[in-house]
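Structure record follows, encoded as structure tokens.
Residue numbers (my numbering), protein chains in the order written: chain A, 1 to 660; chain B, 1001 to 1660.
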């Protein structure tokens, strides 16, 4: 027999091979970073001479865990913003912060921080998907971990690429650079069907095929995205991807919470792997993936923590335990996903799902030496029963904790011995991470101190400044508005009928101004609403100036189309108070003395106020111009025959509030 | 200001009071085992002279956790049997093992082991429910923990009480003995509505009221028990309990997985507490409790680990994290049960649910000094964000682990300092627990080495031994059975028509014999099945003896009514193979030469075999008698005119197997 570099003796060896062979008094021989032999300690000791022997003192010796879906660098965003709805969390926090901070140094530091945690928790292999993946890969390789690293491509600008073409170029360079690395398996990430175009998906698949690399992609994470796919493509995501030829590549499908059985069979036929991330799916309220069905169909199902921002840690023990528990809880079947299966998902099956099953995931001769020692002598895992060979899996899955991992070896190298990290300066990383957290906190604190900056953070439109000059007059009963508008001095350019539904957010600090969310329904000739536009307007706290005759000048500090729902803005801005105002509005765009004005004839329906209101307005960029228009507004009111003395200074929202 | 015994300084103090007041640079003053003051460190240091000060070095200082539902001594059964269906787990493992092993020494040891784990995990108060609760209470008090200890009463014999009257007496004595203890709050446990009679429920409530004690009870844990209640009482469990007057007592309702909204409102009105045990509910596939709704209704919802046998640990950090995650995952609402609320459930609300909210659960002057220090400097909880005062709750709930608790104080006494247990000899407990585990393993290994002893373990019927003498003859086509039976030598005592559905379990080791599960349907005059009986028969592996003419002697080693489902037996016995046999049987009980025999005229329908079979049988306790009857059986076959040469030796199951 060959000589071993290392013989690990006196261990309870769990091979996690397809037969779940185990050796309660076992040993593992390592040579050249690979597993040379696994078996009873007495035999290996007898047959294999070794350079060095290690007494494992009865610990469990098993394959290092495989964290099959994560965004390692997001360890730096752990706990940044929690208990928020997905869109608020993602669009309101993660993406603005990523836009601002994610750069090579951030990815380096975050990935190294994640590696420290992963090593402590017994993870030997991770599947990473992020930006600046080059930095992530080098951080992981330096830490000594094995990884399938995927450079992200998507249709939106990302922290590392202004366009998807840049992203693709970056991915190509990344694949070329890392393709022969002993620890890093480069891959391409097409972020998700809904964040990519058809062109991107096809290009990513072609690139992956060209390099024989894996394609990592989020699939069917939320019910909403699946609904959108059905609506937009006429089919769910998996058939859509198949239609585009994406499965020509070795696919790693993350999540799969809302896959149907047919889609699972397609994935199986395509040789794809799938990754279950139960904590993240619960925390973001995406749902619970049908793991029992996936396993029944024969898909290799790995387990991943997802990024620390949605978990909030990288603890595979929590994750595999949850995988075992949830499958039971949702099926009413307490024998679903038994402990042994959950552990296989976190080891052998995880490696398979990543298309590196020949290299890691179980202790079998020829595979790389990726293994861990687990000491289950702690009170939370005591006593131990060993009547059944399955008891040990049950102890690991239902009782063990990440902190019970004492030692970790990857590719034959020790990365942790007796809870001491050997490849990373942990204290230094923690210190640097705190520094980064202070910067992030300051950025967000500043942003959140102002409604305006929170608004700018999420809307692509730039800040606009616009002066508005206006007068409001309460009209007499039966005021003949339409007749008055026929005055020859007034040229009517066009007229419109709107129903306007406004929601005003008011904030605890009055100097934050007031944010208006307006749904403007255009009413057609038949009196039916035809289409609507949604706009956000942030107005200053007070009217800035009053001209003669209650003509007011105000500054609309921000005006933009509202691309999210009212609910989104409510949760994102967290107003102290909301006020709703609705009205019917007839609007004329008129010309008077060569100057354009708007004339509104309004009827408040919520709160229902008696009477009608006349509003005459104009906008301008110039203060001087404003003064001039203020004079003309007074003249228009007079021309229309309204009682100028009935002019008032309040906004409708203020009338509404007084009414309450 | 009064002088303090102890001033805890330099801590991030979370009071967990109803306003969630916190002091990032805070302090707590303790005097006489109670909290004297909580506030900014600078103020307390200035205002309160102290005997001793402790520098908490920036740790989080918060109330000790409240584990509001557990069976502490079951720590000794952790991992004994997992991934089984509830009935197999409970009736096949837990209850037989408890019957055999649960005695005062077991409860002492198990409870002490649990206390060690609870202290390590930051639990200051537990609600325990078990047998020999006197022993549990003294173990808990010795360990220095606070507890609501409930002595169990139920209709079945228990390890400590042969009858419920004994159980009640034990509960009364227990209440009387502990009623003024500083740490132990005695209570009575009516185990569950379905394990108690109306009389027991009423008596337990009266006893609790008499002592002003809490009544701890499992409610609506499984959908099945709720269905049963609806069927048997015409209403779900809560109205049933209300109807019996149970809510006159201070109720602690464990689980509540399948409560409807009306029941929750009843509990709220009754001032009951409720305890959520998410891990156990998932693991036993009971479901997921509607916690958001409970909270909305205003019920105090605590969190409990349940016993370690169904969890498999007593880790409240895992439990509260799961409470926060599950509420989101099942509602699709990611803002459900935010971190702060989950932590309140594990502290203040838990104490309220146990009716000791005035004593513990938050850091407020006057409450007892039950607190913990949490060091979140580890990589899995880094970095920290402190922009929002809620961030700290998020770190604790989503990132912290039980192992991050460094110190625990209960009632003003340190039980753990810097991860060192002060009140329990941990190594010694672990050693003793291993000894107990060896005994349990041996007991179960012995039992499981034999199908017979597994059978005896679950069935109350004793082992029966019975010789059976029989002959089987294949009849000629159109054999006139009914006419032949009119022979004057044969007196017909009665006749019956059965449909018999047999399932045979065969085991890997042939010497285990064969276990038959038989459903015997009695067929009435109209040809309809009328009622059925279910029996289990374990037969020896071979026919023990063959008399002249293929008359066989066999031993039916065990015969008992089958009280569980076929599915139960399948999962419990785990046969290597199953064979199904069904037949139509006409049976006559006859007398011949003053001796009784059974004559069967059988037609196999599964597998469908052509022809009819004649079987003549008798039973006896005596071998000599058997020999004599064997001769008479040959005579009867002859009298009936059947071809004796067509006799055969196989059982129907063997014919069936050959057929396959």
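Think of the CB as a built atom: it goes at the ideal place given N, C-alpha and C, for glycine as much as any other residue.
For residue i, which option in the options has the closest C-alpha, if you only look at C-alpha atoms?
| i | options | result |
| --- | --- | --- |
| residue 49(A) | 28(A), 421(A), 15(A) | 28(A) |
| residue 547(A) | 631(A), 25(A), 281(A) | 631(A) |
| residue 550(A) | 582(A), 529(A), 473(A) | 473(A) |
| residue 482(A) | 355(A), 417(A), 567(A), 614(A) | 614(A) |
| residue 1661(B) | 1216(B), 1237(B), 1262(B), 1213(B) | As displayed, chain B neither begins before 1001 nor continues past 1660, which places residue 1661(B) out of reach and without an answer. |
| residue 1013(B) | 1443(B), 1374(B), 1004(B) | 1374(B) |
| residue 265(A) | 299(A), 278(A), 251(A) | 299(A) |
| residue 636(A) | 199(A), 592(A), 324(A), 303(A) | 592(A) |
| residue 1275(B) | 1132(B), 1239(B), 1240(B), 1316(B) | 1316(B) |
| residue 71(A) | 642(A), 150(A), 7(A) | 150(A) |
| residue 1311(B) | 1064(B), 1084(B), 1528(B) | 1084(B) |
| residue 1216(B) | 1355(B), 1385(B), 1580(B) | 1355(B) |
| residue 268(A) | 297(A), 242(A), 250(A), 277(A) | 297(A) |
| residue 181(A) | 164(A), 144(A), 156(A), 415(A) | 144(A) |
| residue 261(A) | 136(A), 220(A), 233(A) | 220(A) |
| residue 367(A) | 353(A), 561(A), 348(A) | 348(A) |
Contact check, residue i vs residue j under 8 Å by CB: the rounded distance?
| i | j | result |
| --- | --- | --- |
| residue 484(A) | residue 640(A) | 5 Å |
| residue 1515(B) | residue 1451(B) | 6 Å |
| residue 1154(B) | residue 1195(B) | 4 Å |
| residue 1404(B) | residue 380(A) | The Cβ separation is near 14 Å, so there is no contact. |
| residue 1218(B) | residue 1255(B) | 6 Å |
| residue 30(A) | residue 4(A) | 6 Å |
| residue 188(A) | residue 204(A) | 5 Å |
| residue 476(A) | residue 643(A) | 7 Å |
| residue 1319(B) | residue 1303(B) | 5 Å |
| residue 253(A) | residue 240(A) | Going by Cβ atoms, the distance from residue 253(A) to residue 240(A) rounds to 13 Å, so no, they are not a contact pair. |
| residue 1402(B) | residue 1121(B) | 4 Å |
Looking only at its chain, what residues have a beta carbon closer than 6 Å to the beta carbon of residue i, apart from the 5 residues adjacent to it on each side?
| i | result |
| --- | --- |
| residue 462(A) | The predicted model places residue 462(A) with a pLDDT of 42, which falls under 50 and marks its position as unreliable; any figure quoted below should be read in that light. Excluding sequence neighbours, residue 462(A) sits near nothing in its chain. |
| residue 1600(B) | 1585, 1587, 1615 |
| residue 1460(B) | Because residue 1460(B) carries a pLDDT of 48, less than 50, the predicted location of this residue cannot be relied on, and no value is offered for it. |
| residue 1113(B) | 1075, 1429, 1433 |
| residue 139(A) | 108, 111, 112 |
| residue 660(A) | For residue 660(A), the pLDDT reaches just 48, beneath the cut-off of 50, and the residue's location in the model is therefore unreliable, although a value from the coordinates is still provided. Here the set comprises nothing. |
For residue i, which residues in the same chain have their Cβ closer than 8 Å to its Cβ, ignoring the five residues on either side in sequence?
| i | result |
| --- | --- |
| residue 595(A) | 618, 629, 632 |
| residue 86(A) | 222, 284, 285, 286 |
| residue 1486(B) | none |
| residue 179(A) | 186, 211, 213 |
Quick one: residues in its chain with C-beta nearer than 7 Å to the C-beta of residue i, no 5 flanking neighbours on either side, listed in chain order?
| i | result |
| --- | --- |
| residue 1020(B) | 1340 |
| residue 1146(B) | 1124, 1125, 1183, 1360, 1370, 1410, 1411 |
| residue 1589(B) | 1493, 1494, 1596, 1598 |
| residue 1721(B) | Residue 1721(B) cannot be examined here, being either before or after the span of chain B that is shown, 1001 to 1660. |
| residue 1395(B) | 1376, 1381, 1384 |
Touching by the beta-carbon criterion (3+ pairs, under 8 Å), the region 1287-1297 of chain B and the region 246-253 of chain A | no
Unbroken alpha helix (DSSP H) runs of length 4 or more, entirely within the region 388-462 of chain A: which are they?
-> 391-394, 426-448, 451-458
What beta strand (DSSP E) runs, 3 residues minimum, are completely inside the region 1262-1292 of chain B?
-> 1273-1276
What are the uninterrupted segments assigned as beta strand (DSSP E) that are 3 or more residues long and contained completely in the region 16-87 of chain A, given in chain order?
-> 22-31, 34-40, 50-55, 60-63, 65-70
Are there three or more Cβ pairs, one per stretch, closer than 8 Å when the region 1389-1404 of chain B is compared with the region 332-350 of chain A?
-> no
Which ranges does the alpha helix (DSSP H) cover as unbroken runs of at least 4 residues, wholly within the region 163-191 of chain A, from first to last along the chain?
-> 164-178
Counting only runs that start and end within the region 579-630 of chain A, where is the beta strand (DSSP E) found for 3 or more residues in a row?
-> 595-606, 613-620
Length-filtered (3 minimum) beta strand (DSSP E) runs lying within the region 1510-1542 of chain B = 1514-1523, 1529-1539
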